[in-house]
Amino acid sequence: MMRINADTGLCVGSGQCVLTEPAVFDQDGDGIVVLLTDHPSDETEAQVRDAITLCPSRALSILQE
Amino acid sequence: MTKSVSGELAGLQLPVERGCPFAPPDAYERLREQAPISKVRLTSGGEAWWVSGHEEGRAILADRRFSSDRRKDGFPLLNLDAAIQQQFRSQPQLMIGMDGAEHAAVRRPVIGEFTVKRLAALRPRIQDIVDHFIDDMLATDRRPVDLVQALSLPVPSLVICELLGVPYTDHDFFQSRTAVAVRRTSSSEDRRRALADLRAYIDDLVTRKESEPGDDLFGRQIARQRQQGALDHAGLVSLALLLLTAGHETTANMISLGVIGLLSHPEQLALVKADPGRTPMAVEELLRYFTITDTVTSRVATEDVEIGGVSIKAGEGVIVSSLSANWDPALFKNPAELDVERGARHHLAFGFGPHQCLGQNLARLELQIVFDTLFRRIPTLHLAAPAEGLPFKTDAVIYGVHELPVTW
Ligand code: SF4
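Here the protein sequences come in this chain order: A and B. Counting in this note's numbering, the first sequence runs from 1 upward without gaps. Counting in this note's numbering, the second sequence runs from 1001 upward without gaps.
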């Protein structure tokens, strides 16, 4: 199962992840990424991968497949 | 190592004029065909790397070994005379010219204002604003109407004024000064004066808000900065200046260009009209297609970097052409085709990396609401002059159109 990580130190709050997959990504009040789950479901996998490439600060990564 | 194409851009002043208003300058394609990264000589002096490829452009913009600091030697300052270059070097940097921790310290406190959720809450108010200006359009007997004045400029101006806490009654003043500041043909004296006027206006506004902050973005920032102390008065003025000027000129141009793009491609417009669910993707495609801030994404290398088979040396300037990247057929098949169903979200119209546009989701929201509302409420809208002959802003750093006569 896919496991993902979000590096809040790198995040620049662009919200691309939230726009792409709101079931997995959110932003806190200060705009920084929050993972709603670090084990995205199979249904959201394609979207999650898209969010990872769209993230401008490379804050998102796949830890294990 | 790629072939050097030194001299290719010599004699062409950047921004290069587009031959066709709906396509990048021809030279861009020639350069891209030669190499995704090539050396070019600049008319403003010196050489720089010209990055045409989407993949290479993204890699450079996300790579922190490239600096945004416009004061650094080697930074490709395009198109600016010596006096302006000097002013650039001596003035306090705007956020867009900062790197690393310094950049993060200024950007982080503001990003909470632009979260997807926070912006979604603005939707009804933006809808009201758009409806208001369309009501005015429909109420007039005068035709054609200049859409730039009737809708493209006032919508983002009013939205950004309300968000920031700037009295909208002052918008004529800063709109005219911004226009002078970004127009290529402005004399350096006029440009300097316009920037000084803007700074003085904002300085005054920030001073007033420092004693009475109020519940708007500037007010909240002032209160927050007081607690955290990352920015002093001058820093706040720079931040305010950037947010105010970046927030209306760009969106205004994209509204006009988007309308022209859709009206000139009726089959694409029909798709959007048939299902508003397509509007967000149409907006991405229009952003890609026009890419109005082409060379704003320039950098200077702070170390030697190997990228795309090229070795870029410390101190060498890099111009990532976001327009060229967005027309890179390696990623966007048939880039010259406006295709609202393409799924163009990987475009670089908002840049990439830590500097990616802070206001991008506000811009998206405004564009979506404007296009949906305009074509729903005025379904017979059409251009009142041939698209090719419109006064496009070939003379500006930010691409757009000066006037857009429409009728219905
Ligand atoms: S896309 Fe990246 S930078 Fe933007 S909010 Fe998500 S994690 Fe942060």
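Yeah, the Cβ is synthetic: ideal placement off N, Cα and C, and Gly gets one too.
Check: residue i C-beta below 7 angstroms from any heavy atom of the ligand SF4
i	result
C17 (chain A)	yes
G13 (chain A)	yes
V25 (chain A)	Sequence inspection shows Phe at residue 25 (chain A); the Val mentioned does not correspond to that position. F25 (chain A) Cβ: within cutoff of the ligand SF4.
P40 (chain A)	no
A6 (chain A)	yes
L54 (chain A)	yes
A59 (chain A)	yes
Start and end residues, alpha helix (DSSP H) containing residue i
i	result
N1253 (chain B)	1249-1263
A1059 (chain B)	1054-1062
L1287 (chain B)	1279-1290
D1203 (chain B)	1188-1211
I1160 (chain B)	1154-1164
D1026 (chain B)	1026-1034
V1237 (chain B)	1233-1246
E1102 (chain B)	1100-1111
R49 (chain A)	45-54
Min CB distance residue i to chain B below 8 angstroms
i	result
D7 (chain A)	no
L35 (chain A)	no
T44 (chain A)	no
Q27 (chain A)	yes
R58 (chain A)	yes
R49 (chain A)	no
V24 (chain A)	no
L61 (chain A)	For the sequence presented, residue 61 (chain A) should be read as Ser rather than Leu. Cβ-Cβ to chain B under 8 angstroms: no for S61 (chain A).
S41 (chain A)	no
D115 (chain A)	Because chain A spans 1 through 65 in this model, residue 115 (chain A) falls outside it and cannot be assessed.
V12 (chain A)	yes
Any C-beta of chain A under 8 angstroms from that of residue i
i	result
S1004 (chain B)	No answer about S1004 (chain B) holds up, because its pLDDT of 37 lies below 50 and its placement is not dependable.
F1218 (chain B)	no
Q1360 (chain B)	yes
G1007 (chain B)	Residue placement at G1007 (chain B) is poorly supported in this model, since its pLDDT is 45, which falls under 50; the coordinates are not used for a value here.
A1270 (chain B)	no
H1346 (chain B)	yes
K1393 (chain B)	no
A1035 (chain B)	no
G1247 (chain B)	no
F1400 (chain B)	Looking at the sequence provided, one finds Gly at residue 1400 (chain B) rather than Phe. Output row for G1400 (chain B): interface = no.
K1117 (chain B)	yes
G1011 (chain B)	Since pLDDT at G1011 (chain B) reaches only 49, below the 50 mark, its modelled position is unreliable, and the value read off the structure follows with that caveat. Cβ-Cβ to chain A under 8 angstroms: no for G1011 (chain B).
Q1356 (chain B)	yes
F1114 (chain B)	yes
I1126 (chain B)	no
A1223 (chain B)	no
A1062 (chain B)	yes
Coil, strand or helix - residue i by DSSP
i	result
N1334 (chain B)	coil
G1317 (chain B)	strand
Q64 (chain A)	strand
E1303 (chain B)	coil
F1218 (chain B)	helix
H1132 (chain B)	helix
F1075 (chain B)	coil
S1067 (chain B)	strand
F25 (chain A)	strand
I1126 (chain B)	helix
F1174 (chain B)	helix
I1398 (chain B)	coil
S1006 (chain B)	The predicted model places S1006 (chain B) with a pLDDT of 43, which falls under 50 and marks its position as unreliable, so this point remains unresolved.
V1296 (chain B)	helix
R1226 (chain B)	helix
For residue i, the first and last residue of its enclosing beta strand (DSSP E)
i	result
P1405 (chain B)	1405-1407
K1039 (chain B)	1037-1041
L1374 (chain B)	Here L1374 (chain B) belongs to no beta strand (DSSP E); instead the alpha helix (DSSP H) covers 1360-1377.
L1271 (chain B)	Counting along the chain, L1271 (chain B) falls outside any beta strand (DSSP E), though it belongs to the alpha helix (DSSP H) covering 1266-1274.
R1345 (chain B)	Neither: R1345 (chain B) is in no beta strand (DSSP E) and is coded neither H nor E.
V1116 (chain B)	First-last for V1116 (chain B): 1116-1120, but that is the alpha helix (DSSP H), not the beta strand (DSSP E).
S41 (chain A)	Element bounds for S41 (chain A): n/a, residue is neither H nor E.
A1323 (chain B)	One detail in the question is off: residue 1323 (chain B) reads as Leu in this sequence, not Ala. Per DSSP, L1323 (chain B) belongs to no beta strand (DSSP E); it is in the alpha helix (DSSP H), 1322-1326.
E1047 (chain B)	1047-1051
beta-carbon residue i near the ligand GDP non-hydrogen atom, thresh 7 angstroms
i	result
V33 (chain A)	In terms of ligand content, the structure shown lacks the ligand GDP and carries the ligand SF4 instead.
Test: residue i CB closer than 8 angstroms to a CB of chain E
i	result
G1214 (chain B)	Among the protein chains in the structure shown, which are A and B, there is no chain E.
Checklist entry - Counting Cβ pairs closer than 8 angstroms, one from the stretch 1386-1396 of chain B and one from the stretch 1352-1365 of chain B, do we hit at least three? => result no
Checklist entry - Okay, do the stretch 1038-1045 of chain B and the stretch 36-43 of chain A touch, 3+ Cβ pairs below 8 angstroms being the bar? => result no
Checklist entry - Should the stretch 1314-1321 of chain B be called in touch with the stretch 1235-1246 of chain B, which here means at least 3 C-beta pairs below 8 angstroms? => result no
Checklist entry - So, do the stretch 1187-1196 of chain B and the stretch 1137-1144 of chain B have three or more beta carbon pairs nearer to each other than 8 angstroms? => result No, the stretch 1187-1196 of chain B is not in contact with the stretch 1137-1144 of chain B.
Next on the checklist: Tell me whether the stretch 1066-1077 of chain B and the stretch 1291-1310 of chain B touch, counting them as touching only if at least three CB pairs, one residue from each stretch, are closer than 8 angstroms.
Outcome noted: Below 8 angstroms, enough C-beta pairs join the stretch 1066-1077 of chain B and the stretch 1291-1310 of chain B to call them touching: three or more.
Checklist entry - Does the count of Cβ pairs from the stretch 1026-1034 of chain B and the stretch 1269-1279 of chain B closer than 8 angstroms reach three? => result no
Next on the checklist: Three Cβ pairs or more, each shorter than 8 angstroms: is that satisfied between the stretch 1397-1408 of chain B and the stretch 1040-1056 of chain B?
Outcome noted: no
Checklist entry - Are the stretch 1368-1382 of chain B and the stretch 1343-1358 of chain B touching by the rule of at least three beta carbon pairs closer than 8 angstroms? => result no
Next on the checklist: With three or more C-beta pairs closer than 8 angstroms as the rule, is the stretch 49-64 of chain A touching the stretch 7-27 of chain A?
Outcome noted: yes
Item to check | Touching by the beta-carbon criterion (3+ pairs, under 8 angstroms), the stretch 1197-1214 of chain B and the stretch 1163-1181 of chain B | outcome: Yes: the two stretches touch, three or more of their Cβ pairs being nearer than 8 angstroms.
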